[in-house]
Structure formats: structure tokens, C-alpha cells
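To keep things clear, I will list the structure first and then write my remarks on it.
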Amino acid sequence: MRSFLRVFLLGIVVIGLGYLGACAYTKDSTSQFAQAFNAYNVLVKREPKFVKIDNTEAKDDDGYGNYTYDLKSYDDNGNEHPVKFMGMGKLKQDHYLELDTKGSYVYSYKEVFKKDIPSDVYTKLNLQ
């Protein structure tokens with residue numbers, strides 16, 4: 173019975189360390205695995221991030237007019253995070269978007285104006 177308990181506890185510790193390692197690995201990664209992991213990760217909070225559209229970074233990978241954007245985003249505190257999302261069509265150059273994100277996973281986006289963006293984030297977006 174004691175050996176079963178030891179093996180069980182060791183398994184729990186290994187699984188926990190693996191989960192925390194995956195959280196650290198996917199923190200600012202935009203890979204498909206990281207986005208899928210972050211969508212269901214209970215340790216990552218859902219928060220808005222802001223981007224400025226740069227169409228030089230847009231790629232039409234599927235050939236159907238759905239452009240993939242790989243941009244720098246900023247949270248409410250002004251911290252920079254890489255983000256990758258697909259826009260339905262080519263988005264307007266130099267417009268600002270608020271992304272509804274959980275880690276690197278993007279649920280949705282909407283266009284916002286200067287007054288809706290925190291001032292330090294607006295400054296950082298325009299320094300790019």
C-alpha cells in the first residue's frame with residue numbers, strides 16, 4: 173500500500189511539473205499548440221490587448237482572403253506580447269484593434285479609437 177501511495181504521489185508531482193512547464197513554455201508563444209493550450213489553461217486569465225494594424229505583416233496563407241497577422245500587442249499595463257490572429261479580409265492599415273485574448277489565443281477583435289486605449293499603450297503602439 174505504501175509503494176502505491178508513493179507512486180501515486182510521484183505521478184501527481186510529475187504531472188503538475190509538466191503542466192507548469194507547459195505554462196511557462198507557452199506564455200508568449202504564438203504556435204498553434206500554445207494557442208490551443210492557452211484557450212483551456214486555467215492559470216491564464218482572459219484580458220484585452222491592443223494592436224496597431226500593419227499590413228506589411230499580413231499573409232494570405234490559405235488563398236481565400238483571410239489574412240494572418242503576426243503583431244506586437246500590449247496589455248492594459250503596457251507589457252508587450254506577441255500575438256497571431258486571422259482577420260476576415262485585409263484589415264485597415266494603421267487602425268487600432270482591441271483583441272479579446274487568453275494568453276496567445278485570440279477569441280475576437282474589434283476596432284477601437286484613441287480615446288478607448290490607455291495613453292501609455294497608445295504611445296507604445298505609435299513608436300513601432
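Residue 173 is where the sequence shown starts when you use the numbering used here, and the numbers rise one by one after that. Idealized CB from N, CA, C, for every residue including glycine. It should be emphasised that the depicted structure is a prediction, and the values quoted were computed from it without experimental measurement.
For phenylalanine 205, the uninterrupted alpha helix (DSSP H) run begins and ends at 204-212, by DSSP.
Proximity to valine 223 across Ser291, Val255 and Phe180 peaks at Val255, based on C-alpha coordinates.
The three-state secondary structure of threonine 198, taken from DSSP, is coil. Cα atoms of threonine 202 and lysine 244: separation of roughly 11 Å, rounded to the nearest angstrom. Where serine 280 is concerned, there is no enclosing alpha helix (DSSP H), although the beta strand (DSSP E) around it starts and stops at 277-284. In the three-state reduction of the DSSP assignment, tyrosine 191 falls in the helix class. For the pair asparagine 210 and glycine 275, the CB atoms are nearer than the 8 Å cut-off.
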